[in-house]
Amino acid sequence: MKLKFLSLGSGSSGNSYLLSDGRTSLLIDAGIGIRTMKSTLWRYGHALNNIHALLLTHDHGDHARTAGKLATRHKIPVYATHSTFQGIDNNPVIHPKVPYELRREVAVGNEFTLGAFTICVQQVSHDSWDCVSYTLSHEGRRFVIITDCGKLTEELCQEISQADYLVLESNHDEEMLRAGRYPEMLKRRILSPRGHLSNAACAQALSDYLSERCQHVWLCHLSRDNNRPEIAYSCAASALERFPDVQLTVLNRTEPMLFELDTE
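Remember, my numbering sits 6 above the position in the sequence shown when you count from 1.
Next up, the structure:
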């Protein structure tokens, strides 16, 4: 059975992804407007009423802005860590809040099942209340998403090494960031171990940990001001030279992109 991966948006203006096997449809993050989300899903043959669950990586608005609306209006259960729910409750951007009866708390290192998907949760270093990655296993294939990551831990590198499909942050070019117009405090935040993964760090991780089993890599959460798609692509492509069969795609910040994944 083919999986479908739909990126609805990937960047500081809003992040959301759909992974579906045709029976179970899962959203990962909900940082874009609900009208945009609804129309985009409809365009690609999905509906909000058919979403089985929302998985949140963390509580920042560009990843969780629409979580409360999805839960309240469409009765979609929301999966997140206890601290992420705390962050949502304290974030004025996110309104309404996720109803308590639709909250499903997950814990780092644990696994849970949704339909044919087995989902593993790992800690991610970021300056939010909490942040996690998700590995979604389906019929022996592993789909890994790591976003908003200041540094890669041993556990995350292990997930990368076992990925058949990998969505990995490639947020900024360090030279562009250091020479850019951002305030020094913001630059230090982005460059810190609780900030965002650079093109170089992303490429190094691909070079060091990716295995021959990987079929497709998507670069996510590119900065509008401190990166360019062609720069991120070139940097990652150089790290993938020993894997000529691996597909490499830079996800668009604001436009949807659909992919059918070969799971045979």
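Glycine residues also receive a C-beta, built at the ideal position from the N, C-alpha and C atoms.
Self-check item: Option in V130, R194, L174 and V173 with minimal Cα separation from L183
Solution: Within the sequence shown, the letter at position 177 stands for residue 183. Comparing Cα-Cα distances from L183 to each of V130, R194, L174 and V173, the minimum goes to R194.
Self-check item: K75, buried or exposed, once every other Cβ within 10 Å from all chains shown has been counted against 16
Solution: Walking along the sequence shown from the start, residue 75 turns up at place 69. Flag for K75 reads buried.
Self-check item: Beta-carbon separation (whole angstroms), E266 vs K10, contact threshold 8 Å
Solution: Your numbering for residue 266 matches position 260 in the sequence shown. Your numbering for residue 10 matches position 4 in the sequence shown. Confirmed, about 6 Å.
Exercise. Locate the beta strand (DSSP E) running through S89, then write down its first and last residues.
Key: Counting from one through the sequence shown, the residue named residue 89 turns up at place 83. From DSSP, S89 is part of no beta strand (DSSP E) but of the alpha helix (DSSP H) over H88 to D95.
Practice problem: Report back the beta-carbon spacing between H178 and N205 to the nearest angstrom; my notes put them in contact at under 8 Å. | Solution: If you number the sequence shown from 1, residue 178 lands on position 172. If you number the sequence shown from 1, residue 205 lands on position 199. H178 to N205, Cβ: 7 Å. Contact.
Quiz item: Near E180, what residues of its chain come up, given a Cβ to Cβ distance below 8 Å and the 5 sequence neighbours on each side ignored?
Solution: For the purposes of this step, residue 180 is taken as the residue at position 174 of the sequence shown. So the qualifying residues of the chain are L197, S204, N205 and A206.
Self-check item: Per DSSP, the bridge partner or partners of V3
Solution: Outside the shown range of the chain (7 to 270) lies residue 3, about which nothing can therefore be said.
Quiz item: Nearest-angstrom Cα distance between N97 and H66?
Solution: As a working note, residue 97 is residue 91 in the sequence shown. As a working note, residue 66 is residue 60 in the sequence shown. So the alpha carbons of these two residues sit roughly 8 Å apart.
Self-check item: Exposure label - R71; buried when at least 16 CB within 10 Å
Solution: As a working mapping, residue 71 is identified with position 65 in the sequence shown. Answer is buried; the Cβ neighbour count reaches 16.
Quiz item: Who pairs with V150 in a beta bridge, going by DSSP?
Solution: To locate residue 150, count along the sequence shown from 1; it is residue 144. T141 and L172, per the DSSP bridge assignment.
Quiz item: Using DSSP with H/G/I as helix, E/B as strand and the rest coil, what is H178?
Solution: Stepping through the sequence shown from its first residue, residue 178 is reached at position 172. Of the three classes helix, strand and coil, the one that applies to H178 here is strand, per DSSP.
Quiz item: Hey, how far is the Cα of G93 from the Cα of D214?
Solution: Here residue 93 is taken as the residue at index 87 of the sequence shown, counted from 1. Here residue 214 is taken as the residue at index 208 of the sequence shown, counted from 1. Looking at the two C-alpha atoms, the distance is approximately 34 Å.
Quiz item: With burial defined as no fewer than 16 other Cβ atoms inside 10 Å of the residue's Cβ, what is the status of T119: buried or exposed?
Solution: The sequence position of residue 119 within the sequence shown is 113, counting from 1. Counting Cβ neighbours within 10 Å, T119 comes out exposed, since fewer than 16 surround it.
Quiz item: Cα-Cα, which of E161, H69 and K81 is closest to T90?
Solution: Within the sequence shown, numbered from 1, the residue matching residue 90 stands at position 84. The candidate whose alpha carbon is nearest that of T90 is H69.
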